[in-house]
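The structure under discussion appears below in the form of structure tokens.
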Amino acid sequence: MKALFSLIVVLVLAGIAYAGAGLAHLQFIFGVVIPYLALVLFLGGFIYRIVKWANTPVPFRIPTTCGQEESLSWIKQNKIDNPSTKLGVFLRMVLEVLCFRSLFRNTKTELRVDENGPKIGYGSSQWLWLFALCFHWSFLIIILRHLRLFLEPIPAFVTILDQVDSVFDLGLPALYITDVLFIGALLYLFLRRIVIPQVRYISLAADYFPLFMLLGIGTTGMLMRYAYRIDLVAIKEVAMGLVTFNPVIPSGIGSLFYVHLFLVSSLFAYFPLSKLMHMGGIFMSPTRNMINNNRRVRHVNPWNYPVEVHTYEAYENDFRDKMIKAGIPVEKE
Numbered sequence: 105m106k107a108l109f110s111l112i113v114v115l116v117l118a119g120i121a122y123a124g125a126g127l128a129h130l131q132f133i134f135g136v137v138i139p140y141l142a143l144v145l146f147l148g149g150f151i152y153r154i155v156k157w158a159n160t161p162v163p164f165r166i167p168t169t170c171g172q173e174e175s176l177s178w179i180k181q182n183k184i185d186n187p188s189t190k191l192g193v194f195l196r197m198v199l200e201v202l203c204f205r206s207l208f209r210n211t212k213t214e215l216r217v218d219e220n221g222p223k224i225g226y227g228s229s230q231w232l233w234l235f236a237l238c239f240h241w242s243f244l245i246i247i248l249r250h251l252r253l254f255l256e257p258i259p260a261f262v263t264i265l266d267q268v269d270s271v272f273d274l275g276l277p278a279l280y281i282t283d284v285l286f287i288g289a290l291l292y293l294f295l296r297r298i299v300i301p302q303v304r305y306i307s308l309a310a311d312y313f314p315l316f317m318l319l320g321i322g323t324t325g326m327l328m329r330y331a332y333r334i335d336l337v338a339i340k341e342v343a344m345g346l347v348t349f350n351p352v353i354p355s356g357i358g359s360l361f362y363v364h365l366f367l368v369s370s371l372f373a374y375f376p377l378s379k380l381m382h383m384g385g386i387f388m389s390p391t392r393n394m395i396n397n398n399r400r401v402r403h404v405n406p407w408n409y410p411v412e413v414h415t416y417e418a419y420e421n422d423f424r425d426k427m428i429k430a431g432i433p434v435e436k437e
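So the mapping is simple: this note's numbering equals the position in the sequence shown, first residue as 1, plus 104.
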């Protein structure tokens, strides 16, 4: 039901764009006003969330560690899983952001029942790691490829990326590898939430909605490229007009483009409110961005209010006679 609700919302959004741009001829609203509004909401919301996280107090050192801490010279330290320097933290973050290292090493736990009765079983989550990696890298490459619509002249790296992505040259126009990986990875992530009972149980409408939004964006984009050919020159005019704050709406652009653009704008506006903010949140996570030097440096909570303490010296002064009678060693006779 939660998945169906999210799907209906995405279909309604697509229908609004199709009706508004195609039937009501509100191309300026869907091609200029809504994209600008979505960009403002995205940047404002993103900056607000990051600043709020940055100002959140972290009174203690709480890095997540998975290896040997720095200790004696003859004990080998795991400098990435248990970093004690800024360089170690940097390398750890790079591997996490670019390679999803913790997800690769993750294991799933499930209750299995056989002839000997129930028992706990452990399995690999590397399929999830693989498809998550395919999705994120494909998404990044697709975004970089789209820079050719917003920049003039087109940067050399964008051209090279475009040529490498279409290296198989299947059909006309050439099939992008990332298009196939993007849709395939999204379908896997969606089916995983439907097929696996434990994941389906904890999944919310907020988990399905971004998946359907991205599937809608990817589907409309592929339809424009491979099925319903549209005027790329006119689309670049729209994109360059938005970038240069001199918006134009050329005639002859099909309604499918405005559906695609409206879904992208909706995703941008929704981004700061959703779990997609993990893109920025991972850098603000104290469990990842902290050095583990708890044994070498004493960390005192700066928000501790002054309290009256009972020192050992005062304790011994109060109970010295009784401690001596009980045979407990004391510092002062």
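Glycine included, C-beta positions come from ideal geometry on N, C-alpha and C.
Straight-line Cα distance separating residue j from residue i
i	j	result
Glu214	Gln181	32 Å
Asn397	His403	9 Å
Ala278	Ile334	15 Å
Leu244	Ile138	23 Å
Pro257	Val271	23 Å
Val53	Lys190	With the chain covering 105 to 437 only, the question about residue 53 has no answer from this structure.
Leu367	Ala118	7 Å
Gly149	Met328	30 Å
Asn405	Arg392	19 Å
Pro390	Leu377	21 Å
Leu234	Tyr409	48 Å
Thr130	Val347	Correcting the residue type first, residue 130 is Leu in the shown sequence and not Thr. Rounded to the nearest angstrom, the two C-alpha atoms are 20 Å apart.
Ile287	Gly322	7 Å
Ser370	Pro222	47 Å
Glu420	Pro163	32 Å
Cys170	Asp425	48 Å
Val193	Leu199	10 Å
Asp269	Leu295	26 Å
Phe208	Leu308	24 Å
Ile395	Gln230	28 Å
For residue i, the first and last residue of its enclosing alpha helix (DSSP H)
i	result
Lys429	Tyr416 to Lys429
Arg392	Pro390 to Asn393
Leu108	Lys106 to Tyr122
Glu435	Counting along the chain, Glu435 falls outside any alpha helix (DSSP H), and DSSP gives it neither H nor E.
Glu341	Leu336 to Val347
Ser355	Taken as a continuous stretch (DSSP letters only), Ser355 belongs to no alpha helix (DSSP H), as it is neither H nor E.
Ala373	Ser359 to Tyr374
Option in the options with minimal Cα separation from residue i
i	options	result
Asn350	Ile184, Phe254 and Gly192	Phe254
Ile339	His364, Thr169 and Ala373	His364
Val337	Met326, Ser355, Gly325 and Ile321	Ser355
Tyr226	Arg216, Phe235 and Trp233	Arg216
Arg400	Tyr332, Ala289 and Ser188	Ser188
Ser110	Thr282, Met317, Arg205 and Gly322	Met317
Ile112	Gly320, Glu437 and Met427	Gly320
Phe239	Gly325, Val434, Ile306 and Asp283	Asp283
Lys379	Leu108, Arg153, Leu202 and Ile120	Arg153
Phe375	Leu360, Ala310 and Phe423	Ala310
Glu417	Val411, Phe313 and Glu435	Glu435
Lys212	Pro314, Ser307, Gln302 and Ala158	Gln302
Gly135	Glu341, Gly431 and His382	Glu341
*Run through the stretch 144-222 for me and flag every whole beta strand (DSSP E) of 3 or more residues, listed as ranges in chain order.*
Counting only runs of 3 or more, we get 211-218.
*In chain order, which continuous runs of the alpha helix (DSSP H) of length 4 or greater are located wholly inside the stretch 297-332?*
The stretch 297-332 contains these whole alpha helix (DSSP H) runs: 301-306 and 309-326.
*Counting only runs that start and end within the stretch 216-270, where is the beta strand (DSSP E) found for 3 or more residues in a row?*
Note on the stretch 216-270: whole beta strand (DSSP E) runs with a minimum of 3 residues are 221-228, in chain order.
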